[in-house]
Amino acid sequence: MADCRGHVFTKKTFHLPAYCHNCTNLLWGVVTQGNFCTVCNYIAHESCLKKPGISPCHSLAASLIKNPVSHCWSEPARIRNQRCCNVCRKRIDGRTFSVTCEICHYYTHVDCIPSAVADCKETATYHPGKLLTSVHHEHHWREGNLRPGAVCYACAKPCWTTDCLAGFRCEWCGITAHATCRTQIPYECDFGILGPIYLPPHAVSIPRTEVPMESIIGVQVRRKDKQTPRSISIEFSSGESKTKDAEDEEMYEVEKTKEDKNEELVKVYDGDASYLKHTSFTVKVPKAVKTETLISTILQSLNISQSAENFYLTDAYGLNEPILEDPNPINNVTRLGGKKPAVFLRLKQDSHGGLVRVYPGRLQTDIPFCVVSVDRQTTAKDLIVESLARFGFTSHNSTDYRLSQVLLEHGVTERVLDFDEKPLDIIKNIGQESLRQMELMRFYLQLKQDPHGPNIALFVGNLPTGLSQRTYENILMTFLGEECRFLTIGPIYYEYGSLVIMYNETDVAVNAMYLLRSSEYEHKHLLVMLLPNIDPVMVPADTQPLLVFVNVKSGGCQGLSLISSFRKLLNPYQVFDLGNGGPLPGLYVFRHIRDYKILVCGGDGTIGWVLQCLDNVGQDSECSSPPCAIVPLGTGNDLARVLKWGAGYNGSDEPIHLLEDVIEAEKIRLDRWTVVIHHEDGADGRPIHVPNSVGMSEDNTQIFVMNNYFGIGIDADLCLAFHKAREKNPERFNSR
């Protein structure tokens, strides 16, 4: 059947109940009930193929992304809830390991991760010089895995199902819709019911570095095994790869006895890299297959959208790799012992030149990409000049721009090209190594100047408390050396042993971050975070962004599920794990916002910790006393109970309902006392020391702040005993 949005549909008879991925209805009939995509497993009624809203095939989806963004994967686990894989569209059950993105609702089997489309939501899109009034935020649609009971925004009918991957949800505002109805919804997104507390992406910037998203937002993923990078050929293999060739040959004779006498199993290498790594995939074709048909079958397995006319086949085991031609290419393949016949798929080399796509990245243009003709003499600088003209920037200076090579493999990797590099040579070299890698490679035109600006902030923690600025500087320079010297230091949080250092060069800042992370002082690893920047001018006047702090250790580790949910519902740059530096990094990032709210997820001690940090840094912030809401995860939760946030979060409330409560909550004042204690000498002649207080050396006094809410002390004593027992033997406790 003719292609439909990249799909290769064939009529198929389903022997088990099958559902249409467009309308979610059951396919009725005895034979050939529906259409089946042989590439991505998409199933549809004949009538549904003529309707709008068909999602693109996996072979086409990657090429439709303007700005690819890597997913931030969770730790592999056996997901018990009914989910469908966003790659292979098959059901995820508890028998296999799977992962989910920490930022969006993308689910996939572990084996499907290499084929995942890098279309996570863009959470930091600040562009200098762009006015708030000119910003138009679009929906970011994710297919399938809708919450039970979800209804279509357009027709108000149910659009959720657990039978197949169907229905769409906006990752920003959360509205859901049928595939067909989605085309009727206005493209602009207002962040929905969470708009009043949403930190808009166009107000956030992060340095343009190769530091992974997990590292910036503080996702702690414990990898049991460090896997080495796999060849791209493994990604599209029909089975496991062992060093896969050895396993394939062991099974070849068994498979051969089962297969049709008129069919042949052919092993395919997509380049030199897959051959050297002994990784390949297998296709099943008729023995009398024509060369063009065999190439088309291989391209389909590799998810390569180019025409078969641009490729040719060679004998992998033959002397000097002879070219295979009609009439019977399979019969001409060299066969070694009991091994499968093996072929190379090669790209025809055009000696005169070729065509390349150049994408504008975040440049202010409506053109998705331009196609430029290049030859052996074309340099990266020439391609920049021609691309600027195609995008309508003829008056711009080409030296203000750079050309990047972006590879959408295992996420997103980027390399900046030198002006004298030859794009055509780059394409040919990648194609020789792996044709799938070549298909996933693209060129991006970008401004040399980083939108984040020259001020790059690193938060450094786990230093000794109460030292002088000069001492802190000397400690850091011991690890950094002159090559990574920081530009300025400050603010310094003396009582917490934390500080912020500034850099004006991205590469130096990244090197410094990794140097400090690998360093220890007084037997403690330094904690280092690369901080985002928020432009308060780009925050709408009617928005109070919510700064979320989560103590993941509170409440029987319920904080882990909460922080994951909040990162999906909100901008992940407004959600902070208190296990990474405490409240100070978040308060520093939000210091220039004039009006914001805070949500603290933890016990009474966690809330007191956040309020104490606010006391210390509030005078340096635009908003010195933001209203604070509570999700009670602690043991006692007396403060939350007094303020009517409940006696304890039990997990039954949906996280989005907690955020709605924050929006609607009434502001009240909390009675807080600043207690100043003047020391007197004790019986032994020494000054009496009060714990948990701040010392004042001038007059030998100590100051601490007390949150005044009702309690008689017995409850606190019980909670403290319980907390100490849990810290001593955590394996004996699975709840508060």
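For what it's worth, full-length UniProt numbering labels the leading residue of the sequence shown as 1, then goes sequentially.
In this text, a Cβ means the ideal position worked out from N, Cα and C, and glycines have one as well.
Quiz item: What are the boundary residues of the beta strand (DSSP E) that Y359 is part of?
Solution: If you number the sequence shown from 1, residue 359 lands on position 359. Where Y359 is concerned, the enclosing beta strand (DSSP E) stretches over 354-359.
Quiz item: What is the DSSP secondary structure of W172, reduced to helix, strand or coil?
Solution: In the sequence shown, counting from the first residue as 1, residue 172 sits at position 172. Of the three classes helix, strand and coil, the one that applies to W172 here is coil, per DSSP.
Quiz item: Between M477 and the rest of its own chain, which residues show a CB-CB distance below 8 Å, the 5 nearest in sequence each way excluded?
Solution: The sequence position of residue 477 within the sequence shown is 477, counting from 1. For M477, where only same-chain residues beyond five positions count, the Cβ hits under 8 Å are R485.
Quiz prompt | Close beta carbons around H178, own chain, < 6 Å, minus the five adjacent residues each side | solution = The residue given as residue 178 occupies position 178 in the sequence shown. So the list reads C152, C159, once near-sequence residues are dropped.
Quiz prompt | N-terminal and C-terminal residue of the beta strand (DSSP E) that residue 754 is part of | solution = It is not possible to answer for residue 754, since the shown part of the chain is limited to 1 through 736.
Exercise. Pull up the distance between the alpha-carbon of K287 and that of K422, whole angstroms please.
Key: As a first step, residue 287 is located in the sequence shown; it is residue number 287 there, counting from the start. As a first step, residue 422 is located in the sequence shown; it is residue number 422 there, counting from the start. If I take the Cα positions, the gap works out to 41 Å.
Exercise. Would you give the residue range spanned by the alpha helix (DSSP H) that T506 belongs to?
Key: As a working note, residue 506 is residue 506 in the sequence shown. Element bounds for T506: 506-517.
Quiz item: Just how far apart, CA to CA, sit T257 and E263?
Solution: Locating residue 257 in the sequence shown gives position 257, where the first residue counts as 1. Locating residue 263 in the sequence shown gives position 263, where the first residue counts as 1. Here the model assigns T257 a pLDDT of 47, short of 50, so the residue's position is not dependable and the matter cannot be decided.
Practice problem: Identify, in the order they occur along the chain, each residue of the same chain with its Cβ nearer than 8 Å to the Cβ of P540, setting aside the five sequence neighbours on each side. | Solution: Within the sequence shown, residue 540 is the residue found at index 540, counting from 1. Excluding residues within five positions, the ones whose Cβ falls inside 8 Å are L132, P200.
Exercise. Would you mind giving the Cβ-Cβ distance between C370 and R402, rounded to the nearest angstrom? I have them listed as a contact below 8 Å.
Key: Numbered from its first residue, the sequence shown carries residue 370 at position 370. Numbered from its first residue, the sequence shown carries residue 402 at position 402. With a Cβ gap of about 16 Å, C370 and R402 do not count as contacting.
Practice problem: My understanding is that Y126 touches D535, with C-beta atoms under 8 Å, so please give their C-beta distance in whole angstroms. | Solution: Sequence index remark: in the sequence shown, residue 126 carries index 126 (1-based). Sequence index remark: in the sequence shown, residue 535 carries index 535 (1-based). That pair is a contact at about 6 Å.
Quiz item: Quick one: what's N533 bridged to in DSSP?
Solution: Counting from one through the sequence shown, the residue named residue 533 turns up at place 533. The partner list for N533 (beta bridge, DSSP) reads S205.
Quiz item: For the beta strand (DSSP E) that F344 lies in, which residues bound it at each end?
Solution: For the purposes of this step, residue 344 is identified with residue 344 of the sequence shown, where counting begins at 1. Start and end: 342-347.
Exercise. Could you have a look at L16 and say whether DSSP puts it in helix, strand or coil?
Key: Counting from 1 along the sequence shown, the entry for residue 16 is found at position 16. Coil, per DSSP.
Quiz item: Rounded to whole angstroms, how far is the Cβ of Q432 from the Cβ of G271, which I believe are closer than 8 Å?
Solution: Residue 432 sits at position 432 when you count from the first residue of the sequence shown. Residue 271 sits at position 271 when you count from the first residue of the sequence shown. Sure, about 6 Å apart at Cβ, within 8 Å.
Practice problem: Tell me where the alpha helix (DSSP H) around N616 begins and ends. | Solution: Sequence index remark: in the sequence shown, residue 616 carries index 616 (1-based). Run containing N616: 604-617, per the alpha helix (DSSP H) assignment.
Quiz item: Grouping DSSP H, G and I as helix and E and B as strand, with all else coil, what is P491?
Solution: For the purposes of this step, residue 491 is taken as the residue at position 491 of the sequence shown. The answer is strand: DSSP assigns P491 an E or B state.
Quiz prompt | Straight-line gap, A457 to M513 (C-alpha atoms, nearest Å) | solution = Translated into the one-based positions of the sequence shown, residue 457 becomes position 457. Translated into the one-based positions of the sequence shown, residue 513 becomes position 513. Taking the straight line from one Cα to the other gives about 10 Å.
Quiz item: How would you write the range of the alpha helix (DSSP H) that P423 sits in, first residue to last?
Solution: Within the sequence shown, residue 423 is the residue found at index 423, counting from 1. 423-433 is the extent of the alpha helix (DSSP H) around P423.
Self-check item: Best match in F36, E171, K597 for proximity to I103 [C-alpha to C-alpha]
Solution: Numbered from 1 along the sequence shown, position 103 holds the residue referred to as residue 103. Minimum Cα distance to I103 is reached at E171.
Practice problem: Could you spell out the range, first to last residue, of the beta strand (DSSP E) harbouring K267? | Solution: On the sequence shown, residue 267 is found 267 positions in, with the first residue counted as 1. First-last of the beta strand (DSSP E) with K267: 263-269.
Self-check item: Within 9 Å, strictly: CB atoms of I113 and W73
Solution: Residue mapping note: residue 113 aligns to position 113 of the sequence shown, counting from 1. Residue mapping note: residue 73 aligns to position 73 of the sequence shown, counting from 1. Against a cut-off of 9 Å, the Cβ pair of W73 and I113 comes out as a contact.
Practice problem: Decide if V589 is buried, meaning its Cβ has at least 16 other Cβ atoms within 10 Å, or exposed. | Solution: Here residue 589 refers to the residue found at position 589 when the sequence shown is read from its first residue. Buried, because 16 or more other Cβ atoms sit within 10 Å of the Cβ of V589.
Quiz item: In angstroms, rounded to a whole number, what distance separates the CA positions of V283 and V510?
Solution: Position 283 of the sequence shown, counting from 1, holds the residue named residue 283. Position 510 of the sequence shown, counting from 1, holds the residue named residue 510. Approximately 44 Å, taken between the alpha carbons.
Quiz item: From S280 to T399, what does the alpha carbon distance come to, in whole angstroms?
Solution: For the purposes of this step, residue 280 is taken as the residue at position 280 of the sequence shown. For the purposes of this step, residue 399 is taken as the residue at position 399 of the sequence shown. Cα-Cα distance, rounded: 43 Å.
Self-check item: Minimum C-alpha distance to T293 - residue among L324, L587, R357
Solution: As a working mapping, residue 293 is identified with position 293 in the sequence shown. Of L324, L587, R357, the residue nearest in Cα terms is L324.
Exercise. Could you please give the first and the last residue of the uninterrupted beta strand (DSSP E) stretch that includes I677?
Key: The sequence position of residue 677 within the sequence shown is 677, counting from 1. Residues 672-678.
Quiz item: Contact between the region 560-579 and the region 636-644: three or more CB pairs below 8 Å?
Solution: no
Quiz item: Under 9 Å, do E309 and F344 count as touching if we go by C-beta distance?
Solution: Here residue 309 refers to the residue found at position 309 of the sequence shown. Here residue 344 refers to the residue found at position 344 of the sequence shown. No, these two residues do not count as a Cβ contact at 9 Å.
Practice problem: Going by CA-CA distance only, name the one from V289, L299, K290 that's closest to V268. | Solution: Walking along the sequence shown from the start, residue 268 turns up at place 268. Of the listed residues, the one whose Cα sits closest to V268 is L299.
Quiz prompt | the region 88-108 contacting the region 54-72, beta-carbon criterion three pairs below 8 Å | solution = yes
Practice problem: Decide yes or no for the touch test of the region 518-529 against the region 450-468: beta carbon pairs closer than 8 Å, at least 3 of them. | Solution: yes
Exercise. Please name the residue in S115, S215, G581, D366 whose C-alpha comes closest to that of A549.
Key: Residue 549 sits at position 549 when you count from the first residue of the sequence shown. One point to set straight first is that residue 549 is Phe, not Ala, in the sequence displayed. Answer by Cα proximity: G581.
Quiz item: N397 by DSSP, collapsed to three states: which one?
Solution: Stepping through the sequence shown from its first residue, residue 397 is reached at position 397. Looking at N397 - three-state DSSP - the assignment turns out to be coil, as it is neither helix nor strand.
Exercise. Assign F479 to one of three DSSP states: helix, strand, or coil.
Key: Sequence index remark: in the sequence shown, residue 479 carries index 479 (1-based). Three-state DSSP puts F479 in a helix.
Quiz item: Excluding sequence positions up to five away, which residues of its chain have a Cβ less than 6 Å from the Cβ of C173?
Solution: As a working note, residue 173 is residue 173 in the sequence shown. Excluding positions up to five away in sequence, the list reads C189, F191, G192.
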